[in-house]
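Comments concern the structure below.
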Amino acid sequence: MNAYPVLKNEVFEEINAKPVLKWAGGKGMLLPKITEHLPTKLKFGAIKRYIEPFIGGGAVFFDIANNYNFEDAYLFDINPELVILYNVIKYDVDDLITELFELQHRYNISEDKTNFYYAVRDEYNLFDKQIDANNYTKDFVRRAALTVCLNRTCFNGLYRVNSKGLFNVPVGKYKNPRILDEDNLREVAKALQYATIIQTDFAKVLNYVNKDSFVYYDPPYRPINASSFNSYAVGDFDDNEQKRLQCVFVKADKVGALQMLSNSDPTNYNPDDNFFDDLYAKYNIHRIWAKRMINSNPNGRDGVRELLITNY
Ligand SMILES: C[S@@+](CC[C@H](N)C(=O)[O-])C[C@H]1O[C@@H](n2cnc3c(N)ncnc32)[C@H](O)[C@@H]1O
């Protein structure tokens, strides 16, 4: 295992990586709008460090790694399964491909796919939930393979655990789920070679940020209506967390980092709710149009405004 990240400028190969997982809040659809608002300094190769503290499915990181050059990247998430998966892809992609090949084969020949799914889920739920994802071991390969397999075969590609940390998403309905996508895993491995992936809270940004950094924040969105807000469980990303995040943004701004932050726009439903306009009054607030499923609209798809906040 490589203790230090390889610098991206040392990697001359082209990269064409896409997210490995379907992930709630994935930014795939918004990439063109995000690209429009990226700092010119990044486009001209003058950003040395990329930092993304809520990496999730990584749609933005992979797109930036495919298109721009920088020296190193720091990717964080609080979810250990993501950190385990990305480190396994970085360090042991061949072993991961072997495991996924076997899972794909077993799935294909299995006569009872539902039974196969629940057997994989049971095995997954035996893993230690209190694991320190930053302490890499070879055992992570199997765990990462099951994360991918479940994501490809569960209902809607959801990730959800109960209060005991057990993965409880039911089986999905797919004809030919692609459990192994070898080409993409190899591209993702290339993109991750110069990244350090850590299970940690977003505030750790402040340990890594400098004036040559670009930070992209994609936190769990603030719920856009009061009823869903009230039903928020303890430990979720509430308004105090959004304010704690703003403090990190302000401190990193003082260090001279360029920063972009995504969130929902409360004014879609309540024109008087200026939560983010007040919180980020000193910065630039762009309102962008996002296509989304709106449950309250029986006619199907509609759009909403979302926020892209930048300090440049
Ligand atoms: C909206 S998702 C990111 C989506 C991602 N940009 C994509 O395109 O797939 C938010 C992520 O923040 C993570 N998260 C929640 N609270 C966190 C915290 N305090 N520190 C770091 N990550 C956190 C969640 O585990 C989740 O993966």
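Our numbering puts the first residue of the sequence shown at 0, with every later residue one more than the last. Each residue gets a CB set at the ideal place from its N, CA and C atoms; glycine is no exception.
For the region 13-26 against the region 60-79, do three or more pairs of beta-carbon atoms, one drawn from each stretch, fall closer than 8 Å, so that the two count as touching? Yes: at least three Cβ pairs fall under 8 Å.
Would the C-beta of K26 count as close to ligand 1, meaning under 7 Å from any of its heavy atoms? Yes, the Cβ of K26 comes within 7 Å of a heavy atom of ligand 1.
Is V59 near ligand 1, with its Cβ less than 7 Å from a heavy atom? Ligand 1 has a heavy atom closer than 7 Å to the beta-carbon of V59.
Spatial neighbours of N229 within its chain, please: C-beta separation below 8 Å, excluding the five flanking residues on both sides. Summary for N229: the model assigns pLDDT 38, below 50, so the residue's position carries little reliability, and this model does not support an answer.
Between F248, W22 and E51, which has its C-alpha nearest D217's C-alpha? Residue E51 is the option with its Cα nearest to D217.
Among R159, L81 and Y173, nearest to R142 - alpha-carbon criterion: Answer by Cα proximity: L81.
For I197, list the residues DSSP reports as bridge partners. Its beta-bridge partners are F75.
Under DSSP, the alpha helix (DSSP H) around N66 begins and ends at which residues? Run containing N66: A58 to N66, per the alpha helix (DSSP H) assignment.
Out of K21, A194, K281 and K290, point me to the one whose CA is closest to V147's CA. Closest option to V147, judged by alpha-carbon separation, among K21, A194, K281 and K290: K21.
At which residue ranges does the region 151-213 contain complete beta strand (DSSP E) runs of 3 or more residues, listed in the order of the chain? Correct list: 194-198.
Bounding residues of the beta strand (DSSP E) (the contiguous stretch that carries Q245): Taken as a continuous stretch (DSSP letters only), Q245 belongs to no beta strand (DSSP E), being part of the alpha helix (DSSP H) at D238 to V254.
So does W288 have its beta carbon nearer than 7 Å to some heavy atom of ligand 1? Incorrect: W288 has no Cβ contact closer than 7 Å to ligand 1.
Could you compute how far the alpha carbon of Y311 sits from the alpha carbon of N283? Straight across, the Cα-Cα distance linking Y311 with N283 is about 7 Å.
Measure the C-alpha to C-alpha separation of L307 and H104 and round it to an integer number of angstroms. Spanning the two alpha carbons is a distance of roughly 43 Å.
In chain order, what residues of the same chain have a beta carbon less than 8 Å from the beta carbon of I197, not counting five sequence neighbours either side? Its chain contains Y73, L74, F75, V82, N133 and K203 as the residues whose beta carbon lies nearer than 8 Å to that of I197, once the 5 sequence neighbours on both sides are disregarded; these appear in chain order.
On the criterion of 16 or more Cβ atoms from any shown chain inside 10 Å, does L29 qualify as buried, or is it exposed? It is buried - the Cβ of L29 has at least 16 other Cβ atoms within 10 Å.
Check this for me: beta carbons of I96 and E181, under 8 Å apart or not? A contact, by the Cβ cut-off of 8 Å.
Quick one: does the C-beta of P219 sit closer than 7 Å to a heavy atom of ligand 1? Within the cutoff, so yes.
Span separating the alpha-carbon of S162 from that of K128: Between the alpha carbons of S162 and K128 lies a gap of roughly 11 Å.
Proximity below 8 Å, CB of P320 to CB of F213: In the structure displayed, the chain extends from 0 to 311; residue 320 sits before or after that span and is not available.
Less than 7 Å separating the Cβ of I130 from some heavy atom of ligand 1? No, the Cβ of I130 stays beyond 7 Å of every heavy atom of ligand 1.
Under the three-state DSSP convention, the category K290 falls into: Correct three-state label for K290: strand.
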